[in-house]
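Chains A and B, in that order, are what the protein sequence lines are. The first sequence: position 264 = 263 (numbering that gives the first Met the number 0), numbered continuously. The second sequence: position 242 = 241 (numbering that gives the first Met the number 0), numbered continuously. Backbone N, C-alpha and C fix where the C-beta goes; we use that ideal spot for every residue, glycine too.
2 protein chains.
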Amino acid sequence: MSDAAHQLNCLAGVRVLDLTQFEAGPTCTEVMAQLGADVVKVENPKGGEPGRILGAGPKPGADAYYFMVYNANKKSVTVNLKSPRGIELVKEMAAKADVFIENMAPGTIEKLGLGYDVLSKLNPRLIYAQVKGFGEGSPYERNLAFDMIAQAAGGNMAITGEYGGRPIRPGATLGDTGTGMLMCISILSAIIERQTTGKGRRLQVAMQDAQLNYTRGSFVNYARTGKPQERGRAGFGGPPPSDIFPCKPGGPNDWVYVFNSHNNPEHWRRTATIMGKPEWADDPEFLDRDKRVNHADEVNAMVTAWCQQHTKKEAMEILGKAGIPAGAVYDTGDLLAEPTFESRGIIQTQHHPNGDFRMPTFPVRFDGKPPQITRSPLLGEHTDEVFQSWLGLGASDVKGLKDEGVI
Amino acid sequence: MSDAAHQLNCLAGVRVLDLTQFEAGPTCTEVMAQLGADVVKVENPKGGEPGRILGAGPKPGADAYYFMVYNANKKSVTVNLKSPRGIELVKEMAAKADVFIENMAPGTIEKLGLGYDVLSKLNPRLIYAQVKGFGEGSPYERNLAFDMIAQAAGGNMAITGEYGGRPIRPGATLGDTGTGMLMCISILSAIIERQTTGKGRRLQVAMQDAQLNYTRGSFVNYARTGKPQERGRAGFGGPPPSDIFPCKPGGPNDWVYVFNSHNNPEHWRRTATIMGKPEWADDPEFLDRDKRVNHADEVNAMVTAWCQQHTKKEAMEILGKAGIPAGAVYDTGDLLAEPTFESRGIIQTQHHPNGDFRMPTFPVRFDGKPPQITRSPLLGEHTDEVFQSWLGLGASDVKGLKDEGVI
Numbered sequence: 000m001s002d003a004a005h006q007l008n009c010l011a012g013v014r015v016l017d018l019t020q021f022e023a024g025p026t027c028t029e030v031m032a033q034l035g036a037d038v039v040k041v042e043n044p045k046g047g048e049p050g051r052i053l054g055a056g057p058k059p060g061a062d063a064y065y066f067m068v069y070n071a072n073k074k075s076v077t078v079n080l081k082s083p084r085g086i087e088l089v090k091e092m093a094a095k096a097d098v099f100i101e102n103m104a105p106g107t108i109e110k111l112g113l114g115y116d117v118l119s120k121l122n123p124r125l126i127y128a129q130v131k132g133f134g135e136g137s138p139y140e141r142n143l144a145f146d147m148i149a150q151a152a153g154g155n156m157a158i159t160g161e162y163g164g165r166p167i168r169p170g171a172t173l174g175d176t177g178t179g180m181l182m183c184i185s186i187l188s189a190i191i192e193r194q195t196t197g198k199g200r201r202l203q204v205a206m207q208d209a210q211l212n213y214t215r216g217s218f219v220n221y222a223r224t225g226k227p228q229e230r231g232r233a234g235f236g237g238p239p240p241s242d243i244f245p246c247k248p249g250g251p252n253d254w255v256y257v258f259n260s261h262n263n264p265e266h267w268r269r270t271a272t273i274m275g276k277p278e279w280a281d282d283p284e285f286l287d288r289d290k291r292v293n294h295a296d297e298v299n300a301m302v303t304a305w306c307q308q309h310t311k312k313e314a315m316e317i318l319g320k321a322g323i324p325a326g327a328v329y330d331t332g333d334l335l336a337e338p339t340f341e342s343r344g345i346i347q348t349q350h351h352p353n354g355d356f357r358m359p360t361f362p363v364r365f366d367g368k369p370p371q372i373t374r375s376p377l378l379g380e381h382t383d384e385v386f387q388s389w390l391g392l393g394a395s396d397v398k399g400l401k402d403e404g405v406i
Numbered sequence: 000m001s002d003a004a005h006q007l008n009c010l011a012g013v014r015v016l017d018l019t020q021f022e023a024g025p026t027c028t029e030v031m032a033q034l035g036a037d038v039v040k041v042e043n044p045k046g047g048e049p050g051r052i053l054g055a056g057p058k059p060g061a062d063a064y065y066f067m068v069y070n071a072n073k074k075s076v077t078v079n080l081k082s083p084r085g086i087e088l089v090k091e092m093a094a095k096a097d098v099f100i101e102n103m104a105p106g107t108i109e110k111l112g113l114g115y116d117v118l119s120k121l122n123p124r125l126i127y128a129q130v131k132g133f134g135e136g137s138p139y140e141r142n143l144a145f146d147m148i149a150q151a152a153g154g155n156m157a158i159t160g161e162y163g164g165r166p167i168r169p170g171a172t173l174g175d176t177g178t179g180m181l182m183c184i185s186i187l188s189a190i191i192e193r194q195t196t197g198k199g200r201r202l203q204v205a206m207q208d209a210q211l212n213y214t215r216g217s218f219v220n221y222a223r224t225g226k227p228q229e230r231g232r233a234g235f236g237g238p239p240p241s242d243i244f245p246c247k248p249g250g251p252n253d254w255v256y257v258f259n260s261h262n263n264p265e266h267w268r269r270t271a272t273i274m275g276k277p278e279w280a281d282d283p284e285f286l287d288r289d290k291r292v293n294h295a296d297e298v299n300a301m302v303t304a305w306c307q308q309h310t311k312k313e314a315m316e317i318l319g320k321a322g323i324p325a326g327a328v329y330d331t332g333d334l335l336a337e338p339t340f341e342s343r344g345i346i347q348t349q350h351h352p353n354g355d356f357r358m359p360t361f362p363v364r365f366d367g368k369p370p371q372i373t374r375s376p377l378l379g380e381h382t383d384e385v386f387q388s389w390l391g392l393g394a395s396d397v398k399g400l401k402d403e404g405v406i
């Protein structure tokens, strides 16, 4: 338990019946769990959700880090969805839940008999949430999707890459995690609305559609020019400098982003002065942002020469203190080595019986501290507890269901 | 008004006092406005927030598309924050508000006399939200930040790019819009909590910190290997194919992402069969995912040869129907040309007196339809209405304040 974080109970009493897997759905419910909701993963008794074995974990054969990173703060129960009694159990839980959420392949949840029509009748207050790759009514509504498919088909890959180069898959999994965040916003809004209406909502989001919202700024360029936004235009056509520049000692991530805002000529004056060209600070050829575009090569050469005399962290510190926007290209190792992420609770250690894992938490501070990470559940760890507290089943009932292969 | 969307009132009655600018803060309040909150932008009477003039708009001299895309569905009032009476007016509004939000440079809001300590005393139910570049307690807490600075310093740029190439700025503005989404989640959670506690919250998020959460999957690789995640590993080391492949007719965005999941050998069988290598479908050298990694060149050559016989849309359609995950690299032009985005309400037209603008809305469907986009406000368009409804000021009071240069 870290002093830098605290247990948040903003969503105390909100029961989430979680049939999600991999990343997009689990991201939504992980945030809700970190903010205090009672999130119960429903998993296959034979191995659990597929994310549990995706890549290595702290121990051979144990839950993968992949699972740990997307399922902190949740509970796990096992239910065999191939058993009719198992499906009945899920329905009984849905009757007690505030939120039901799934991200299975198109049509699967309906085939299981757990579609919106069924569950909303059992519980009209239920908020029924679905994450799919493509939207209902899209030509691709039956297609399978993974993060990179959504990023390609949603417009994000086309705007990422070097100028003149091929499209690049962004490192952030915006197709998955980005979509999960939008569903989380929607569920919380539906909870707020329900306090007035008493009614649930059917919520659906497509990973492809979510990308359009995250990249809606690129539609600005289309409106201006009638052409798709190009990728890799340094600063997207703004005045220089707005690019990454190489630093000492020249490793793959020894770069710093240096930026001068369109709106603030002081950025340029400070940059020219600190980088040894004070005579350019007030020269209208450079100070005027539209004219400076014509001197991009000279400006970039000046910044490159200066940056190569500094490490990325020195560069960020010196430029930052001078009031020039600058960001060192931190990699995961740099981030884990920076002590204030831990002292501020942004990076926490997930203490797990299989081994510890240092990972980022939900980064918003509530009255000074972000939410505490608690560990991801072992498969079926909370089966007894949840069936008792949600459904009132006794220990012998639960044992019977286990013996029959229902849970 | 499109039939494909509807006005949502999930957040009806939630009053948001919005002192944000540019993109990170405005994203948060735009989502809230689209979901039905009463969002009132407080702007400088002389020109409004700086986003209004960032780049071109539909008409010379009118609001920029940049402003339109991040400020749909909101209201605007003008207040001169250099006038003591103007500051008093903001305080009076804060006393009536549910949410106060700002993303000014570090220390600015406190210097204005509108800090958390001041406003939370006036209104203990107020949810007070701040978006900054770097967190309190970070070595860079006083630094300026823009989207790309946060993406560099938050770990996102280091994992984006070609293998062996330099880091690349992702096209999506995750530093801004991504951060705004996390703040939106937090505000909604605080609203839910307040219904029990009766108390507001102080919420703070840093754009740098937000990047760590969006890229937390990259911490998995660090935990496994002790090394920072590299960029540009096709499929991040998974079995081939997992990459983009060039299609007819060879334009800059004529690519398709083709993926085979680790977990599903059927993907490979289908891929080999459809691409003319049925003899590889069940060959253990190819079917076994770990062995297939050793045949990456042959597999990628097969996929490349097949893709070059098809356009990206044909490829996506054929592969998708065959149950192989595939995503054409859609650019903004492709997305705007695809009619189902409009018929499903994902892309809507913002009808603005200065000219129309086709843009994506918040993409989650609530009972079948996403929220309706209404246009961004003209500067001060709602000054009379809001001062009357929030503060009970009459027309002559408002006129007096205008004459005195207060609003």
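Check, Outcome
"Every unbroken alpha helix (DSSP H) within the segment 39-103 of chain B, with a cutoff of 4 residues, ordered by chain", "64-69 and 83-95"
"Residues bridged to K426 (chain B) [DSSP beta-bridge criterion]", "Summary: the structure shown does not reach residue 426 (chain B), with chain B confined to residues 0 through 406, and so no result is reported for it."
"Start-to-end residues for the beta strand (DSSP E) that takes in V130 (chain B)", "I126 to K131"
"Minimum Cβ-Cβ distance from M206 (chain B) to chain A less than 7 angstroms", "no"
"Supposed close pair G170 (chain A), I158 (chain B) - CB separation, criterion 8 angstroms", "3 angstroms"
"CA nearest to the CA of A93 (chain A), picked from A:F386, A:G332, A:D402 and A:G393", "A:F386"
"Chain-ordered neighbours of P138 (chain A) on chain B, where CB pairs are closer than 7 angstroms", "T339"
"F145 (chain A) at chain B interface by Cβ criterion, 7 angstroms", "yes"
"Residues that DSSP places opposite P370 (chain A) in a beta bridge", "A:H5"
"Any C-beta of chain B under 7 angstroms from that of W267 (chain A)", "no"
"Rounded C-alpha distance that separates T195 (chain B) from L318 (chain A)", "46 angstroms"
"Within 7 angstroms, strictly: CB atoms of G35 (chain A) and A11 (chain A)", "yes"
"Opposing strand residues paired with D242 (chain B) [DSSP bridges]", "B:V257"
"7 angstroms CB neighbourhood of V302 (chain B) in its chain, flanking five on each side removed", "P240, F244, V257 and M274"
"Option in B:V255, B:Q210, B:G60 and B:E403 with minimal Cα separation from E313 (chain B)", "B:V255"
"Inter-residue CB distance, G154 (chain B) and Q210 (chain B) (contact presumed, cutoff 8 angstroms)", "6 angstroms"
"Minimum Cβ-Cβ distance from E192 (chain B) to chain A less than 7 angstroms", "yes"
"Minimum C-alpha distance to L113 (chain B) - residue among B:I191, B:L18, B:A271 and B:F365", "B:L18"
"Short-range partners of chain A found in the segment 359-393 of chain B, where Cβ spacing is below 9 angstroms", "P359, T360, F361, P362, V363, R364, F365, D366, G367 and P369"
"8 angstroms Cβ cut-off: residues of chain A touching L202 (chain B)", "V363, R364 and F365"
"W279 (chain B) to P324 (chain B) span [Cα, whole Å]", "19 angstroms"
"Top-ranked residue by Cα proximity to F365 (chain B), from B:H351, B:R343, B:R357 and B:K58", "B:R343"
"Neighbour flag for G326 (chain B) against chain A, beta carbons, 7 angstroms", "yes"
"Sufficient close CB pairs (3 or more, under 8 angstroms) joining the segment 334-354 of chain A to the segment 30-45 of chain A", "no"
"As assigned by DSSP and simplified to three states, the class of T158 (chain B)", "Here residue 158 (chain B) is Ile; the residue named in the question, Thr, does not match the sequence. DSSP places I158 (chain B) in coil when its eight states are reduced to three."
"Cβ pair count under 8 angstroms reaching 3, the segment 172-187 of chain B against the segment 22-41 of chain B", "yes"
"Terminal residues of the alpha helix (DSSP H) in which M206 (chain B) lies", "M206 to Y213"
"Neighbour-count burial assignment, Q308 (chain B), 16 or more Cβ in a 10 Å radius", "exposed"
"CA nearest to the CA of V38 (chain B), picked from B:I148, B:G399 and B:R374", "B:R374"
"Closer than 7 angstroms to chain B by CB, N43 (chain A)", "no"
"Span separating the alpha-carbon of L334 (chain B) from that of D2 (chain A)", "47 angstroms"
"DSSP-derived helix/strand/coil call for L16 (chain B)", "strand"
"For A325 (chain B), the residue or residues it bridges with in DSSP", "B:V257"
"Pick from B:M206, B:L187, B:A205 and B:Q207 that is closest to G199 (chain B), judged by C-alpha positions", "B:L187"
"Reduced DSSP secondary structure (H/G/I, E/B, other) of R230 (chain B)", "coil"
"Rounded distance between the beta-carbons of T339 (chain A) and S137 (chain B), thought under 8 angstroms", "5 angstroms"
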